[in-house]
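Contents: one structure, followed by commentary.
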Amino acid sequence: MSIQIRLHCFALLFIFSLMSVSLATAEASEVSVQLKEFQVIAAPLTVRAGKVRFVAVNRGKDKHELVVRIKENGKYRELGEIEPFPPGVAKDIVLNLSPGTYELSCQLVEMEKGGTEEHYKEGMRVEIKVE
Ligand SMILES: [Cu+2]
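Once you know that position 98 of the sequence shown is 95 in this note's numbering, the rest is easy, because the numbers rise by one and skip nothing.
Structural data, given as structure tokens:
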């Protein structure tokens, strides 16, 4: 292979890699999710179907997690999860979602003096729509 052809190959590879990066970024919708005691705040609340990146930030004082579930016939089915992570940290998960109603929640249960504290029951959940 001549040097010139090799250079062309590198240039093409470079262009293709740039194209795939920009396509991947363009495809995914992004939902920002704030977790705190005891609330899940998501924005936007409606996204288009396809790849959705959930960027979760723990703005609380305790560890929280993010569980993504789809609502089917009144029941929830889990699709993905970001394991519990500490305050001040951001984590993300990308899921391929079809149209429907989804729930973002924290399902942590903490042992407290005199009982348990269930983050979900305390209000750590929000529904979003995928269209
Ligand atoms: Cu929590």
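Here a beta-carbon is modelled for each residue, glycine too, at the ideal position from N, C-alpha and C.
Delimiting residues of the alpha helix (DSSP H) encompassing residue i
{"i": "E109", "result": "First-last for E109: 106 to 109, but that is the beta strand (DSSP E), not the alpha helix (DSSP H)."}
{"i": "K58", "result": "Run containing K58: none; DSSP gives neither H nor E here."}
Closer than 8 Å: residue i CB and nearest ligand 1 heavy atom
{"i": "G57", "result": "yes"}
{"i": "K88", "result": "no"}
{"i": "K167", "result": "Lying before the first or after the last residue shown, residue 167 is absent from the chain, which here runs from -2 to 128."}
{"i": "M121", "result": "yes"}
{"i": "E34", "result": "yes"}
{"i": "V105", "result": "It should be pointed out that residue 105 corresponds to Leu in this sequence rather than to Val. Yes, the beta carbon of L105 sits closer than 8 Å to at least one heavy atom of ligand 1."}
Continuous beta strand (DSSP E) stretch holding residue i: start and end
{"i": "E128", "result": "No beta strand (DSSP E) holds E128; DSSP gives it neither H nor E."}
{"i": "E34", "result": "Element bounds for E34: n/a, residue is neither H nor E."}
Near ligand 2: residue i beta-carbon under 8 Å from a heavy atom
{"i": "K48", "result": "For the structure depicted, ligand 2 is absent and the ligand set comprises only ligand 1."}
Inter-stretch contact (C-beta, 8 Å, three-pair minimum) for the region 78 to 95 and the region 109 to 119: no
The region 118 to 127 in contact with the region 38 to 50 per 3-pair CB rule at 8 Å: yes
At least three beta-carbon pairs within less than 8 Å, the region 69 to 76 to the region 27 to 42: no
Secondary structure, beta strand (DSSP E): runs of 3+ residues fully inside the region 59 to 124: 61 to 69, 72 to 82, 87 to 94, 97 to 102, 106 to 109, 112 to 115
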